[in-house]
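*Asks:* Residue numbers for the sequence shown follow numbering that gives the first Met the number 0, so the first one is 0 and each next one is one higher.
Cβ coordinates follow ideal geometry from the N, Cα and C atoms, glycine included.
Please read these numbers as outputs of a predicted model, since none were measured by experiment.
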Amino acid sequence: MYYVAKVDQEKCATYNCRQCTLFCPEANTLMFDEDKNAAYVVEDRCKGCALCVYVCSDLLKRDCITMEMVT
0 MYYVAKVDQE KCATYNCRQC TLFCPEANTL MFDEDKNAAY VVEDRCKGCA
50 LCVYVCSDLL KRDCITMEMV T
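1) According to DSSP, simplified to helix, strand and coil, what is valine 40?
2) Roughly how far, in whole angstroms, is the beta-carbon of valine 71 from the beta-carbon of alanine 4, given that I think they are within contact range, below 8 Å?
3) Which of the three DSSP states, helix, strand or coil, is assigned to glutamate 25?
4) Give me the Cα-Cα distance between tyrosine 1 and leucine 50, rounded to the nearest whole angstrom.
5) Using the three-state DSSP reduction, which class does aspartate 7 fall into: helix, strand or coil?
Next up, the structure:
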């Protein structure tokens with residue numbers, strides 16, 4: 000079992016800030032969908048560092064990203 004980031008795309012689309020995509024240390028993991036105006040996670044690439052959660056929740060106070068357990 001391990002954790003990966005999960006984006007609430009509906010909530011994310013209201014902000015359209017893209018900050019999480021800039022801070023993710025793993026290339027091509029946290030992407031931005033132009034059609035939905037929201038970020039999304041490529042789960043196979045996510046290392047579970049939770050830096051995106053820190054940026055979104057703690058710094059920006061938006062709470063669009065959570066960590067979810069994958070079995």
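*Replies:* Well, looking at it:
1) strand
2) Residue 71 falls outside the range modelled here, since the chain spans only 0 to 70, and no answer is possible.
3) coil
4) 15 Å
5) coil
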